[in-house]
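Working notes, structure below.
In our numbering, the protein residues as written are 21 to 338.
Put into C-alpha cells, the structure is as follows:
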C-alpha cells in the first residue's frame, strides 16, 4: 500500500495527492471521484523505465508512449515526468536549480491531462470563463490570444474557470471542471487587464509571458454548465478586418474540435476511436463558433459583446 502524501488538492475535478506544495485549492474532506498521486520521482525509477529510450537532444519537448503503456514527458532542461500506465501515479523531477513548485503551472498541465488520457479521457487545450453561471471555452493555438481575451472578459464581470486545460464532464449536459486559479499572460495584457496584479515568479517558457495567480477570488471546485466553444482566429487575409462570428458545422466543426484536444502527438492504444467519440459527442451537444478578429486591444470590446450575446442565448447564435 502506498504511503500517504502530505498534501491533497482539488483541480480539474481530480483529487491530487502530492508530496509537493502547489498553489491549488485543498480538496474537500471526504472527496470522492478520480484520484491521482503526483510525487517527486526517484532516479532509479526513471533509469529503469527509460532504459534504451533514444531522445532527440535538440527537441525542446518530448511526449513519448513507453513499452509498458505509460507515458514519458520532458521539457528539456526544466522538468520531466513519468505517468503510470493506468494514469493513477505521476513521478516528476525538475532539473538544475528549478524546484517543482517553480515549474508548477506547466508541469500540472502536462501531467494531469496525460494521466486522464491514459484513463481514456480527452481534454481540450482551452481557456474558459464563467459568464453569469454559463461557461464558455476559448480554443486556439498557443499565442492565439485565449488568455488575453479571458483577462478582458474578466474585467467585464466574467470569472476565470481554467487556463490551458479544459476537462469536460456531465452525463446529460456538458460541464466544465475548474482548473488552477491563474492566467498566463504577456506583460502588456496583464498591465491592462489585471490591475495591481504581480507575476507569481513561477517558470514560463517565454521571457515576456508570466504566470499570474488570481488569489483575490474564491476558486470554484464544482463543474459549471458549459454552453459554447469559440475558436479564435485571425481575420482572413485580404478581408476587411472586421470581427466575424460564425457557427461551425460539418467537417470544419469536427476538425476544429479534434485539433483542439491536449497531447495530440500521443497515440495511446484505442485513442483514435475514443478521440472520435469525444469529438462527435461535443459536436452534438455544444455550439462551436469560429471567432475571427484583429489582434489589437481596441477590438476586444466588440469581441466580448459577441461572446456575451451568444452566451446569454445559451451559446446559440451566428
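Cβ atoms here follow ideal geometry from the backbone N, Cα and C, with glycine treated the same way.
Worksheet item: Residues bridged to residue 93 by DSSP?
Response: Here residue 93 is taken as the residue at index 73 of the chain shown, counted from 1. Beta-bridge pairing links residue 93 to 83 and 101.
Practice prompt. Provide the residue span of the alpha helix (DSSP H) that contains residue 296, from first to last.
Written response: For this step, residue 296 is matched to residue 276 along the chain shown. Looking at the DSSP string, the run of the alpha helix (DSSP H) that includes residue 296 is 291-305.
Worksheet item: Considering only residues of the same chain and omitting the five flanking positions on each side of residue 268, which have a CB-CB separation below 8 angstroms?
Response: Numbered from 1 along the chain shown, position 248 holds the residue referred to as residue 268. Spatial neighbours of residue 268 in its own chain (CB-CB distance under 8 angstroms, excluding positions within 5 residues in sequence) are listed in chain order as 251, 276, 308, 309 and 310.
Worksheet item: With C-beta atoms as the reference, is residue 200 less than 8 angstroms away from residue 44?
Response: Residue 200 sits at position 180 when you count from the first residue of the chain shown. Residue 44 sits at position 24 when you count from the first residue of the chain shown. Between residue 200 and residue 44, the CB-CB gap stays under 8 angstroms.
Worksheet entry | Stretch-stretch touch, CB-based, cutoff 8 angstroms, three pairs: the segment 188-197 with the segment 161-170 | No, the segment 188-197 is not in contact with the segment 161-170.
Worksheet item: Are the Cβ atoms of residue 18 and residue 138 separated by less than 8 angstroms?
Response: With the chain represented from 21 up to 338, any question about residue 18 goes unanswered, as that position is not in the structure.
Worksheet item: Whole-angstrom Cβ separation of residue 29 and residue 46, contact assumed at under 8 angstroms?
Response: Taking the chain shown and counting its residues from 1, the one referred to as residue 29 is at position 9. Taking the chain shown and counting its residues from 1, the one referred to as residue 46 is at position 26. Correct: roughly 6 angstroms between the Cβ atoms.
Worksheet entry | Among 222, 327, 274 and 34, nearest to residue 114 - alpha-carbon criterion | By one-based count along the chain shown, residue 114 stands at place 94. Closest option to residue 114, Cα to Cα, is 222.
Worksheet item: Between 152, 187, 111 and 173, which lies nearest to residue 146 when the distance is taken from Cα to Cα?
Response: The sequence position of residue 146 within the chain shown is 126, counting from 1. Of the candidates 152, 187, 111 and 173, the one whose C-alpha sits nearest the C-alpha of residue 146 is 187.
Practice prompt. Grab me the residues of residue 333's own chain with a C-beta within less than 7 angstroms of its C-beta, minus the 5 sequence neighbours each way, in chain order.
Written response: Numbered from its first residue, the chain shown carries residue 333 at position 313. Excluding sequence neighbours, residue 333 sits near nothing in its chain.
Worksheet item: If we ignore side chains and look at the alpha-carbon of each, how far apart do residue 95 and residue 303 end up?
Response: Numbered from 1 along the chain shown, position 75 holds the residue referred to as residue 95. Numbered from 1 along the chain shown, position 283 holds the residue referred to as residue 303. In this structure, the CA atom of residue 95 is about 33 angstroms from the CA atom of residue 303.
Discussion item. Is it buried or exposed, residue 218, if we count other Cβ atoms within 10 angstroms and call 16 or more buried?
Written reply: Against the chain shown, residue 218 aligns to sequence position 198. Exposed, since its Cβ has fewer than 16 Cβ neighbours within 10 Å.
Worksheet item: According to DSSP, what are the bridge partners of residue 266?
Response: Start at 1 with the first residue of the chain shown, and residue 266 comes out as number 246. BP columns for residue 266 point to 310.
Worksheet item: Is the beta carbon of residue 59 sitting closer than 8 angstroms to the one on residue 38?
Response: Counting from 1 along the chain shown, the entry for residue 59 is found at position 39. Counting from 1 along the chain shown, the entry for residue 38 is found at position 18. Yes, they are a contact pair.
Worksheet item: What residue from 151, 274 and 80 has the CA that sits closest to residue 329's CA?
Response: Within the chain shown, the letter at position 309 stands for residue 329. Out of 151, 274 and 80, 151 has the C-alpha closest to the C-alpha of residue 329.
Fill in: Nearest candidate by alpha-carbon position, reference residue 325, set 295, 272, 263 and 292
Translated into the one-based positions of the chain shown, residue 325 becomes position 305. Nearest of 295, 272, 263 and 292 to residue 325, Cα basis: 263.
Item to complete: Take residue 231 and list the residues in its own chain whose beta-carbon comes closer than 7 angstroms to its own, dropping the five residues that flank it on each side.
Response: Reading the chain shown from its first residue, position 211 is the one you call residue 231. Apart from the 5 residues on each side of it in sequence, residue 231 sits with its Cβ closer than 7 angstroms to the Cβ of 125, 202, 204, 219, 220, 222 and 224 in its chain, given in chain order.
Fill in: Through-space distance from residue 157 to residue 129, alpha-carbon basis
The residue labelled residue 129 in the question sits at position 109 within the chain shown. The residue labelled residue 157 in the question sits at position 137 within the chain shown. The C-alpha of residue 129 lies about 16 angstroms from the C-alpha of residue 157.
Discussion item. Restricting to Cα atoms, I'd like to know which of 99, 177 and 135 is closest to residue 118.
Written reply: In the chain shown, the residue the question calls residue 118 occupies position 98. Among 99, 177 and 135, the Cα nearest to that of residue 118 is on 99.
Practice prompt. Within the same chain, show all residues whose beta-carbon is closer than 6 angstroms to that of residue 84, passing over the 5 residues directly before and after it, in chain order.
Written response: If you number the chain shown from 1, residue 84 lands on position 64. Contacts found: 92.
Worksheet item: How long is the line joining the alpha carbons of residue 313 and residue 285, rounded to whole angstroms?
Response: Along the chain shown, one-based indexing puts residue 313 at 293. Along the chain shown, one-based indexing puts residue 285 at 265. One C-alpha to the other measures close to 29 angstroms.
Fill in: Residues bridged to residue 166 (per DSSP)
The residue labelled residue 166 in the question sits at position 146 within the chain shown. Its beta-bridge partners do not exist; DSSP assigns none.
Practice prompt. Give the C-beta separation of residue 416 and residue 245 to the nearest angstrom, bearing in mind that I take them to be a contact with Cβ-Cβ under 8 angstroms.
Written response: Limits of the chain in this structure are 21 at one end and 338 at the other, which puts residue 416 out of reach.
Discussion item. Under 8 angstroms, Cβ to Cβ, is there at least one residue of chain C near residue 209?
Written reply: Here there is only one protein chain, and chain C is not present.
Worksheet item: So what's residue 47 in DSSP terms, helix, strand or just coil?
Response: Taking the chain shown and counting its residues from 1, the one referred to as residue 47 is at position 27. Coil at residue 47, not helix or strand.
Item to complete: Determine which residues share a DSSP beta bridge with residue 250 and list them.
Response: For this step, residue 250 is matched to residue 230 along the chain shown. DSSP, once it has assigned bridges, lists 158 and 309 as partnering residue 250.
Worksheet entry | Span of the alpha helix (DSSP H), counted from its first residue to its last, around residue 131 | Counting from 1 along the chain shown, the entry for residue 131 is found at position 111. Per DSSP, residue 131 belongs to the alpha helix (DSSP H) from 124-138.
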